[in-house]
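**Student:** Residue numbers (my numbering): -12 to 184.
Quick reminder that beta carbons are idealized off the backbone N, C-alpha and C, glycines included.
Once you've had a glance at the structure underneath, I'll fire off some questions.
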């Protein structure tokens, strides 16, 4: 991780942490209020097709406010639909981040199979003038501030019993928008701001 920070500082680049998550119609567990001794229970079917896949990037650069850039994919259970993000989706998200940040990027993400595909490697090599990529160790969710964003989003929708995929997608988008435009960065992400020399 030190290599990622020093490279970003040397290039004057944004250090960008990428990750993906998903949410089905079964809501995540969350805390709520209830009468003493009576745990409130929301019953949901837990069946039916539908999943919201999210790919996000938290972006930091000294002297600039942090950014959150994300993308969605809906899977409605149809056979023709991809269940998650393809390498083209990740490529397009990186290009969008570059266009919005208007500067070089040092991308740090995990070793997901899609991240290691030859097409992604070719894309990285073709854009090495503004894109540098590092990978997290094999299993290191605590190192990635984007994991904190997903945790916050799932906490916000924890008490939602969505009736259908559209309602779930609207709730996820709403919680991500709230997170994106918060005036203060959470401690999870702030701890990863590039260190001062």
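(1) Which residue's Cα is closest to the Cα of residue 47: 95, 154, 158 and 116?
(2) Going by other Cβ atoms of all chains shown within 10 Å of its Cβ, with 16 needed for buried, is residue 103 buried or exposed?
(3) CB-CB under 6 Å to residue 62, same chain, minus the five flanking residues each way: which ones, in chain order?
(4) Report all residues from its chain with a CB closer than 7 Å to the CB of residue 140; omit the five preceding and five following residues, and keep chain order.
(5) Excluding sequence positions up to five away, which residues of its chain have a Cβ less than 8 Å from the Cβ of residue 124?
(6) Hey, which unbroken runs of the alpha helix (DSSP H) at 4 residues or more fall wholly within the stretch 70 to 146?
(7) Is DSSP giving residue 153 helix, strand or coil here?
(8) If you follow the beta strand (DSSP E) that residue 9 is in, where does it begin and where does it stop?
(9) Taking the C-alpha atoms as reference points, what is the distance between residue 41 and residue 23?
(10) Just curious, the beta strand (DSSP E) that residue 58 is in, first and last residue?
(11) If I measure Cβ to Cβ from residue 7 and keep anything under 8 Å in the same chain, skipping five residues before and after, which residues do I get?
(12) Rounding to the nearest angstrom, what Cα-Cα distance links residue 107 and residue 75 in this structure?
**Tutor:** The answer reads as follows:
(1) 95
(2) exposed
(3) 38, 68 and 70
(4) 159, 162, 163 and 166
(5) 130
(6) 74 to 88, 105 to 113 and 132 to 143
(7) helix
(8) 1 to 11
(9) 37 Å
(10) 54 to 62
(11) 40, 41, 42, 43, 71, 72 and 99
(12) 8 Å
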